[in-house]
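The structure appears below as structure tokens.
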Amino acid sequence: MIDLKLLQKDFDAVSMALSRKKVDATLIEALKEKNEALKTAKSSYERAQAAQNEMSKQFGLYKKEGKDTAQLKTTLDANKSQITLFLDQQREAEAALDALSMNIPNIPDADVPEGQSDEDNVELRRVLEPRHFDFTPKEHWELAEQNGWIDFERGVKVAKSRFSVSYDMGARLERALINFMLDFNRARGFTEVSVPSLVNRRTLEGTGQLPKFEDDLFKIEGEELFLIPTAEVPLTNLYQDEILEAESLPLLMTGYTSCFRKEAGSAGRDTRGMIRQHQFHKVELVAITTQEQSEAVFVQMVQCASDLLGALELPHRLMQLCGGDLGFSAARTIDLEVWLPGQNCYREISSISNTRDFQARRARIRYKDGGKNMLAHTLNGSSLAVGRTMVAIMENFQNGDGSITLPSVLNSYL
RNA sequence: AGACAGGUGGCCGAGUGGUCGAAGGCGCACGCCUGGAACGCGUGUGUAGGGAAACCUACCGAGAGUUCGAAUCUCUUCCUGUCUGCCA
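Under our numbering, the first residue of the first sequence is numbered 1187, with each subsequent residue one higher.
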């Protein structure tokens, strides 16, 4: 949630910043109005309630002293109906404000580049030269099937489209990658955490998936539980409603989970292969920091993911997302795109975001700083999507005969 | 899943309709005491919103209700414990 006080204080700046994220100015205007309306309703209610409390005390004293309470009761009853009225107004205003504010995305950082779509993202740097092939590199689904690593048909049979099954070396590579990534992150100070794959509504609101993106989530019938779309959701919300000690920050966590996404708006995109699946594996990085620490931790997380790709000898580039391509909760994001020789292009394999205090405000994650409670900063990033990493390995390490020579760092994991 | 018992401040724990944001204790902070410490004594010690401030409002798991007035009464719900059932 954005800072409503900031909105009140500097409407133009907030409005301007949000327009870079394609938020309509009238929406922000409405937000400001609702906020004012709520304050008015609230102060009316509180004034009436204060009078009621005072008179109720009187009432008690009268009773004790045996005085006549009939007249006081009439005044109280009249005031009570006022209170009910004001309270209704307050609740109405609150509901309206909530409905609006929970659907407003985060304000991008000042230095986020202008732009509408991923075409306007800015390339920061490239790491490792793509290898030269003296044959035409194949796409990963061809290699996966040829090597018997992935079975696309049987996944569809037991579930539905966009589900697949890994076999033999495919399954083992998956497991090896997960272990390798977790160990890699652990060595860089991230604590390994294993979390639930089902979470409640409150938790998804905390990180910003709800209320706006319910269509993208798998929901358990008859329960208020959803399958997580990323480990970011349970990991970040581990500390919801908590006030942490500043000295205990930053909290650095890494966790492996399956991720589940409906891919509601992606009909027809990446239908072939394992780039876009309803279920995929991912190792995630999450950090909870003080406001001063978050920038440095962000850089650290980006470096961690880039180094991981480096260790796997996968050529990639770092892209800073423009305002229009930024996700709902993010103030700044750097995507890591891995080189796929089969597709002859760079594809997103990791996305690292600083949400600043946006999620912390929703999830009420705070820390004590010299007796004062401050909103924490939360950051998240994939330490690589496992499926896409397998795609990248297959395409980059393929030989002319379709066989695959795996990167040597994985030797001890296979 | 069924039966019973509970959910109160950082922690323990009192409070069954009024002046209770909540006794008492522990912990913590500051001061006194001391050569220094312990002990002892004193003061203070939740969160959120509004206000320049005085101060006001809300919060005793959550939500709704009864009442002039609810931590206290009623209903719903969530969570925890114990026993029974089921199960990796």
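The beta-carbon is built from N, C-alpha and C at its ideal position, and this holds for glycine as well. On a predicted model such as this, the values are computed, not experimentally measured, just so you know.
Can you grab the Cα-Cα spacing for the pair residue i / residue j, in whole Å?
{"i": "Ala1453", "j": "Glu1222", "result": "42 Å"}
{"i": "Asn1566", "j": "Ser1539", "result": "6 Å"}
{"i": "Asp1456", "j": "Val1472", "result": "28 Å"}
{"i": "Glu1428", "j": "Val1419", "result": "16 Å"}
{"i": "Asp1304", "j": "Asp1511", "result": "6 Å"}
{"i": "Ser1242", "j": "Asp1297", "result": "56 Å"}
{"i": "Arg1518", "j": "Leu1507", "result": "7 Å"}
{"i": "Thr1443", "j": "Ala1417", "result": "6 Å"}
{"i": "Phe1446", "j": "Phe1338", "result": "17 Å"}
{"i": "Met1439", "j": "Phe1376", "result": "5 Å"}
{"i": "Gly1246", "j": "Ala1237", "result": "14 Å"}
{"i": "Arg1458", "j": "Cys1531", "result": "16 Å"}
{"i": "Thr1389", "j": "Val1209", "result": "24 Å"}
{"i": "Pro1397", "j": "Arg1548", "result": "12 Å"}
{"i": "Pro1436", "j": "Ala1497", "result": "25 Å"}
{"i": "Asp1254", "j": "Ala1264", "result": "18 Å"}
{"i": "Gln1426", "j": "Lys1250", "result": "46 Å"}
{"i": "Asp1354", "j": "Arg1361", "result": "11 Å"}
{"i": "Ser1352", "j": "Val1485", "result": "34 Å"}
{"i": "Glu1481", "j": "Asn1559", "result": "20 Å"}
{"i": "Met1187", "j": "Ala1211", "result": "17 Å"}
{"i": "Asp1284", "j": "Ala1216", "result": "12 Å"}
Applying the criterion that 16 or more other CB atoms from any shown protein chain within 10 Å of the CB defines a buried residue, is residue i buried or exposed?
{"i": "Gln1194", "result": "exposed"}
{"i": "Ala1234", "result": "buried"}
{"i": "His1502", "result": "buried"}
{"i": "His1467", "result": "buried"}
{"i": "Met1202", "result": "exposed"}
{"i": "Pro1415", "result": "buried"}
{"i": "Asn1239", "result": "exposed"}
{"i": "Asp1543", "result": "buried"}
{"i": "Pro1291", "result": "buried"}
{"i": "Gly1451", "result": "exposed"}
{"i": "Ile1406", "result": "exposed"}
{"i": "Gly1556", "result": "exposed"}
{"i": "Glu1391", "result": "buried"}
{"i": "Arg1574", "result": "buried"}
{"i": "Gly1334", "result": "exposed"}
{"i": "Ser1160", "result": "The question about residue 1160 has no answer, for the chain in this structure spans 1187 to 1600."}
{"i": "Gln1302", "result": "exposed"}
{"i": "Ala1281", "result": "exposed"}
{"i": "Ala1256", "result": "exposed"}
Can you tell me which of the options puts its alpha carbon nearest to the alpha carbon of residue i?
{"i": "Arg1462", "options": "Arg1548, Gly1356, Val1572", "result": "Val1572"}
{"i": "Thr1591", "options": "Leu1359, Arg1340, Gln1479", "result": "Leu1359"}
{"i": "Trp1525", "options": "Glu1305, Met1576, Asp1337", "result": "Met1576"}
{"i": "Ser1492", "options": "His1318, Met1367, Gly1341", "result": "Met1367"}
{"i": "His1464", "options": "Leu1363, Gln1489, Ser1347", "result": "Ser1347"}
{"i": "Pro1382", "options": "Asn1289, Leu1411, Lys1191", "result": "Leu1411"}
{"i": "Ile1618", "options": "Glu1278, Ser1230, Glu1280", "result": "Nothing can be reported for residue 1618: it is not among the residues displayed for the chain, which extend from 1187 to 1600."}
{"i": "Ser1434", "options": "Asp1189, Gln1479, Cys1531", "result": "Gln1479"}
{"i": "Arg1317", "options": "Val1200, Ser1537, Pro1527, Leu1258", "result": "Pro1527"}
{"i": "Glu1409", "options": "Leu1424, Glu1391, Asn1386", "result": "Asn1386"}
{"i": "Leu1384", "options": "Ile1188, Asp1369, Asn1423", "result": "Asn1423"}
{"i": "Asp1545", "options": "Asn1289, Ala1211, Lys1266", "result": "This sequence places Gln at residue 1545; Asp is not what is there. Ranking the options by Cα distance to Gln1545, first place goes to Asn1289."}
{"i": "Ala1432", "options": "Ile1474, Gly1586, Phe1319", "result": "Ile1474"}
{"i": "Ser1589", "options": "Met1460, Gly1356, Asp1369", "result": "Gly1356"}
{"i": "Gln1529", "options": "Asp1369, Leu1363, Gln1275, Pro1323", "result": "Pro1323"}
Given a cut-off of 8 Å, decide if residue j and residue i are closer than it, judged by their beta-carbon atoms.
{"i": "Leu1495", "j": "Leu1522", "result": "yes"}
{"i": "Gly1166", "j": "Glu1470", "result": "Not covered by the structure: residue 1166. The range shown for the chain is 1187 to 1600."}
{"i": "Leu1413", "j": "Phe1399", "result": "no"}
{"i": "Leu1430", "j": "Val1379", "result": "no"}
{"i": "Leu1271", "j": "Lys1220", "result": "no"}
{"i": "Ser1569", "j": "Asn1365", "result": "no"}
{"i": "Leu1204", "j": "Ile1293", "result": "yes"}
{"i": "Leu1500", "j": "Arg1311", "result": "no"}
{"i": "Tyr1599", "j": "Thr1476", "result": "no"}
{"i": "Ser1515", "j": "Gly1394", "result": "yes"}
{"i": "Gln1244", "j": "Leu1258", "result": "yes"}
{"i": "Ile1520", "j": "Val1488", "result": "yes"}
{"i": "Ile1551", "j": "Thr1541", "result": "no"}
{"i": "Val1308", "j": "Pro1299", "result": "yes"}
{"i": "Leu1213", "j": "Val1200", "result": "no"}
{"i": "Phe1197", "j": "Lys1218", "result": "yes"}
{"i": "Gly1509", "j": "Arg1277", "result": "no"}
{"i": "Gly1586", "j": "Phe1321", "result": "yes"}
{"i": "Asp1142", "j": "Lys1343", "result": "This structure does not reach residue 1142, given that the chain is present from 1187 up to 1600, and the question cannot be answered."}
{"i": "Arg1340", "j": "Cys1490", "result": "no"}
Could you check if residue i belongs to the surroundings of the ligand MN, using beta carbon to heavy atom distance under 7 Å?
{"i": "Tyr1599", "result": "You won't find the ligand MN in this model; it holds no ligand whatsoever."}
Looking at C-beta atoms only, is the number of pairs between the stretch 1310-1329 and the stretch 1570-1587 that lie closer than 8 Å three or more? yes
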